[in-house]
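First the structure, in the form of structure tokens, and then the observations on it.
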Amino acid sequence: MDSNYTVLARKYRSQDFKSLIGQDVLVKTLTTAINTGRIAHAYIFTGIRGTGKTSTARILAKALNCLSTDGPTASPCGECENCRAIAAGQHIDVLEIDAASHTGVDNMRDILDASQYRPTNGRYKVYIIDEVHMLSTSAFNALLKTLEEPPAHVIFILATTEIRKVPVTILSRCQRFDLVRVPVETLKQHFAWIAEQEKIELSDAANELLARAADGSVRDGLSLLDQAIAQTGGHVDEQAVLDMLKRADRGVVVNFMETLLSGNTAAALAKADEIYTNGADLAMLLNDMMEWTHWATRMHPAIHAGEVNNSPYTADQREQIKKIDSNVTLNTLSRIWQVMVAAVPEMQASGNQKQCFDMLIVRLMHIADMPSVTEILKNQSANKSILKPVPQPLQHSTEPVKIKIENANDLANALQESKEILLYSYYTSNIEVVEIKEHEIKYFDRRGDADFAHKLASWLNDKTGATWTLKRLEESQHTHTITEQKKEEIEADPMVASAMDLFADAEIVGIK
Ligand SMILES: [Zn+2]
């Protein structure tokens with residue numbers, strides 16, 4: 218590579234509004250304003266790094282000062298003296314100030330004092346203040362004074378990545394433009410075009426990886442591309458980019474998640490070893506696992522999230538994810554998500570990422586394996602094993618099974634098993650059963666629904682083949698409802714206690 222190699226981000230910096238990548242709304246608003254002569258005295262551009270804030274500022278400065286027309290133009294020529302000087306950052310009337318190194322009030326006062334003089338070669342004096350949120354309070358105050366009564370020939374263009382740190386008093390005097398994250402597709406098109414100009418090979422899969430890793434920033438994407446070109450001598454393929462990003466292939470991640478959710482801890486740990494040995498960065502892997510979980514949740518049959526074709530997976534991988542999905546609940550996905558989110562700072566803080574990651578795997582397996590609180594409650598109320606859901610006995614529709622009801626719990630279970638949801642929920646939350654014997658129930662109804670006795674009696678008669686009498690007491694005997702009983706039992710259960718520990722703010726809000 219020759220010694221005057223210009224980095225791609227600089228070489229392909231946008232020089233006019235037309236070539237600004239992915240900022241259509243901003244371009245349209247700004248060009249319309251310039252074409253109709255509505256020029257503001259102060260602009261503020263905000264957005265993540267590398268989306269084109271300073272490029273836009275320079276294009277705007279050219280638009281204001283281009284000599285090809287009599288006044289400001291939305292399509293600066295790029296060739297006149299002013300356009301060329303501004304593009305090179307050398308125009309006498311266009312000052313680029315990096316707020317990070319001019320934070321003090323004295324600096325700002327000097328700069329602002331000079332703004333009183335008329336421009337030398339241009340129509341406007343343009344002050345581009347980059348990372349403006351870094352200014353000190355007193356510097357902001359000095360700037361505010363000028364913004365309140367700006368000289369007619371002065372335009373301020375402020376740029377920041379952190380708009381919330383800019384005082385409202387400043388913001389209220391600026392026209393604000395938000396530069397958006399550039400979409401993956403737009404980045405890909407741009408990178409493919411540059412590859413063509415540079416006569417390098419860039420495979421579609423490699424391009425996709427770069428565009429996703431850029432996370433909406435043209436500049437970040439281009440410096441990754443620079444790096445990939447340097448490492449491969451101009452033959453950029455998927456494997457090269459994966460190696461460079463220290464990333465496992467998405468297919469590897471999908472397979473890994475399949476193993477993890479299958480509940481085989483030893484296999485999952487062995488797979489983690491293998492991925493690690495192949496050079497993947499484990500923090501990046503965790504990131505990919507979170508990405509997987511997000512998309513698996515969106516693809517889950519219980520959600521019907523619609524369009525998932527913009528997920529980063531191939532059609533085959535999507536099929537595989539759907540298959541995995543059919544064996545896990547949304548609840549499991551959301552719990553492993555929570556644990557992974559919590560592990561992000563842990564991984565960063567830990568001196569030994571591999572150890573930290575292994576422990577994370579074990580924790581995730583434990584969670585994927587563990588029944589949810591709801592499942593525990595279900596199993597408990599059916600009076601069955603906590604760990605394994607037991608298949609419900611089949612009901613034969615030809616010959617109804619006559620059931621026995623001898624206490625308050627029997628009644629709750631029977632109602633639940635026959636899916637009498639309304640009766641069940643009313644019964645478990647409002648009814649204090651005082652006594653059940655020989656087809657007679659003595660109870661107190663906290664809500665006093667007259668219909669309840671009628672409905673329950675007819676259901677009982679039907680189910681048991683006997684005739685039931687329901688005696689409603691006028692006063693509470695202070696016995697617990699089924700829900701209250703269950704809640705107490707469950708809170709005392711060590712399994713639930715450990716589940717509650719995992720989610721600090723959890724409380725049992727309902728029993729289903
Ligand atoms: Zn020009």
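Residue numbers for the sequence shown follow this note's numbering, beginning at 218 and rising by one.
For each residue, glycine too, the CB sits at the ideal point set by N, CA and C.
Here DSSP, grouped into helix, strand and coil, assigns residue 498 to coil. Distances from the CB of residue 284 to the heavy atoms of ligand 1 include at least one below 7 Å. By the Cβ test, the stretch 229–240 is in contact with the stretch 260–277, since at least three Cβ pairs between them sit closer than 8 Å. Between residue 620 and residue 680, the CB-CB gap stays under 8 Å. The stretch 410–424 makes contact with the stretch 447–461; the number of CB pairs closer than 8 Å reaches 3 or more.
Between residue 400 and residue 370, the C-beta spacing is not below 8 Å.
Where residue 307 is concerned, there is no enclosing beta strand (DSSP E), because DSSP gives it neither an H nor an E.
A Cβ-Cβ contact shorter than 8 Å links residue 518 with residue 542. Remark: the C-beta of residue 293 is in contact range of ligand 1, defined as less than 7 Å to any heavy atom. Three or more pairs of CB atoms, one per stretch, sit closer than 8 Å, so the stretch 309–322 contacts the stretch 334–350. The beta carbon of residue 573 sits no closer than 7 Å to any heavy atom of ligand 1. Within the model, the alpha-carbon separation for residue 623 versus residue 479 is close to 41 Å.
In the three-state reduction of the DSSP assignment, residue 414 falls in the helix class, which pools H, G and I.
For residue 455, the distance from the CB to the nearest heavy atom of ligand 1 is not below 7 Å. The stretch 498–514 makes contact with the stretch 560–575, as at least three CB pairs between them are under 8 Å.
In this structure, the beta-carbon distance from residue 556 to residue 580 falls below 8 Å.
Bounds of the beta strand (DSSP E) holding residue 392 are 392–395. With contacts defined by Cβ atoms closer than 8 Å, residue 689 and residue 668 do not form a contacting pair. At least one heavy atom of ligand 1 lies closer than 7 Å to the C-beta of residue 299. Leaving aside the five residues that flank residue 354 on each side, none in its chain has a CB nearer than 7 Å to its CB.
With fewer than three CB-CB distances shorter than 8 Å, the stretch 319–336 does not count as touching the stretch 289–307. Taken in chain order, the whole beta strand (DSSP E) runs of length 3 or more contained in the stretch 341–391 are 342–347 and 371–377.
In the DSSP assignment, residue 662 falls within the beta strand (DSSP E) that extends over 657–662.
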